[in-house]
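In terms of my numbering, the sequence shown is residues 1072 to 1429.
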Amino acid sequence: MGSISAHPSAGDTIISHCVRRVASLTENFTSCHPIRHNKIVTVDAGDELLSPYTLFERSAWDRLGAKTPLPLTQDDIDRIASLGDPIDMSEVDAIYRPLSALLQVYIEGARRTARERHAFLGESPHERVPFIIGIAGSVAVGKSTVARLLQLLLDRWQSTPRVDLVTTDGFLYPNSVLEDKGILARKGFPESYDRQELIHFLARVKAGNEDVPVPTYSHVLYDVVPGVFHHVRRPDILIVEGVNVLQPPRTLPGTISTAVSDYFDFSIYVDADEAHIEQWYVDRFLKLRQTAFSREDSFFRTYAGLTDVEAESTARMIWAAINLPNLRENILPTRERATMIFTKGEDHRVESLYLRKE
């Protein structure tokens, strides 16, 4: 594939829209008090027995993985860690080793149910359908690292040698469409995604289609790349990562709709305090200014020349005007739709896990 060139005039126009959005909303958000971290919802906040989740503190969860192999090295981990999301072997050992073993239990359970169903109905066994895992959470919370770690661990299990990973960024409408709709400044909000196309993709995967194309998104160009696709070819497991993957269905009076999560067999919400996520976002922005933003074809190349003070101020304005409202209005309310909830501390380490009871 040839190199992709940027379009400065279009990019500058789009950036100006975003800057105006940030400037118009920042005053409202900088004056408000941050919401305290919401506790996991229970029927009765004073009685954990009525919670739909079982709580595992870090130490208790760690003990569950004692007999599970860990076929990774620190070099493997370093290659997949997201920018600004530090992770080491001790974290993988304590959190992801038990999780990979638990997921194998769910996967084998799904396969056993399928076999018993075929036998009961007198059906001929057919190709396995992929087990789909959804991963949700705020921008900068570390979803990508969780997704890549699980992919690396799960495809080293003998029973699941083919694990694919898709992010929902490819299902964002192109910038030109967002501009026509007047919602470019709400990129990342639910309405900026082609939800029907995402659902159609998942339906084809679950139907066992042999080759399902996925649009490619470039974070350097900040846009969907026309004519470039990733192909999902009937994996054992498909991991789908994105901020809005646990959104409930949108329905009109008298209609029935489908949610993206209807296709998930297991889902994870990565949670943390707002203040921590904001700082992680700022830290990542500062690092990107020295790396991806400095590329000649980067959509955000105008940010590369900012001073440290200017860059931090810009990052906090973008967070307050765009990412924080999206978190509060659309992402956090979907947390209790997940099968499992990770709660991360200030250092990015998972402090506790909630697993939905069955």
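Virtual Cβ for every residue (Gly too), placed ideally from N, Cα, C. Remember, it's a predicted structure, so these values are computed and weren't measured experimentally.
Residues of its chain near residue i, where Cβ-Cβ distance is below 7 Å and the 5 sequence neighbours each way are ignored
i	result
Q1222	V1234, L1236, I1310
S1332	G1205, V1316, L1317, S1338, R1408
P1123	R1427, K1428
Residues sharing a beta bridge with residue i, DSSP
i	result
K1258	F1260
L1426	T1125, M1411
F1202	I1308
D1342	T1414
H1430	One cannot answer for residue 1430 here, as it falls past the ends of the chain, which runs 1072 to 1429.
F1337	I1204
Neighbour-count burial assignment, residue i, 16 or more Cβ in a 10 Å radius
i	result
L1243	buried
T1405	buried
F1300	exposed
K1258	buried
V1303	buried
R1219	buried
G1241	buried
P1157	exposed
T1231	buried
I1324	Note on identity: in this sequence residue 1324 is Pro, with Ile being the wrong assignment. Exposed, by the Cβ-count rule.
L1121	exposed
Other residues of its chain near residue i: CB distance less than 6 Å, five sequence neighbours each side excluded
i	result
Y1293	F1370
V1421	I1166, F1413, K1415
H1104	In this prediction, H1104 has a pLDDT of 42, which is less than 50 and means its spatial position is unreliable; what the coordinates show is noted afterwards. The answer is none, since no qualifying residue turns up.
V1114	Unreliable positioning characterises V1114 in this predicted model, as indicated by a pLDDT of 39, which lies under 50. The coordinate reading is nonetheless provided below. Only L1121 meet the Cβ criterion.
Separation of residue j from residue i, as counted between CA atoms
i	j	result
T1410	S1423	14 Å
R1427	G1180	16 Å
H1419	A1211	11 Å
I1402	N1394	10 Å
P1142	D1226	10 Å
H1216	N1397	Before going on, a small fix: residue 1216 reads as Thr here, not His. Using only the alpha carbons, I get a separation of about 21 Å.
S1263	L1249	7 Å
E1128	G1208	20 Å
T1326	P1320	11 Å
L1173	I1203	14 Å
T1329	T1378	46 Å
N1280	S1384	47 Å
V1283	H1290	22 Å
L1192	Q1145	47 Å
Y1334	P1261	18 Å
Own chain residues within Cβ distance below 8 Å of residue i, not counting five before or after
i	result
P1196	R1186, H1189
Y1288	T1238, D1240, G1241, L1243, D1294, V1295, V1296
R1387	E1349, V1353
The ligand SAM heavy atom lying under 8 Å from the CB of residue i
i	result
T1362	This structure lacks the ligand SAM; in fact it carries no ligand of any kind.
Residue j beta carbon less than 9 Å from that of residue i
i	j	result
V1341	G1213	yes
R1168	L1224	yes
L1390	Y1352	For the sequence presented, residue 1390 should be read as Trp rather than Leu. Result yes, Cβ atoms of W1390 and Y1352 sit closer than 9 Å.
V1163	I1148	yes
F1364	R1372	yes
D1139	S1171	A small correction: the amino acid at residue 1139 is Thr; Asp does not occupy that position in the sequence shown. In this structure, S1171 lies closer than 9 Å to T1139 by Cβ.
V1380	V1276	no
A1392	L1357	no
W1228	Q1175	yes
Below-9 Å beta-carbon distance, residue i vs any chain B residue
i	result
Y1334	This model lacks chain B altogether; it includes just one protein chain.
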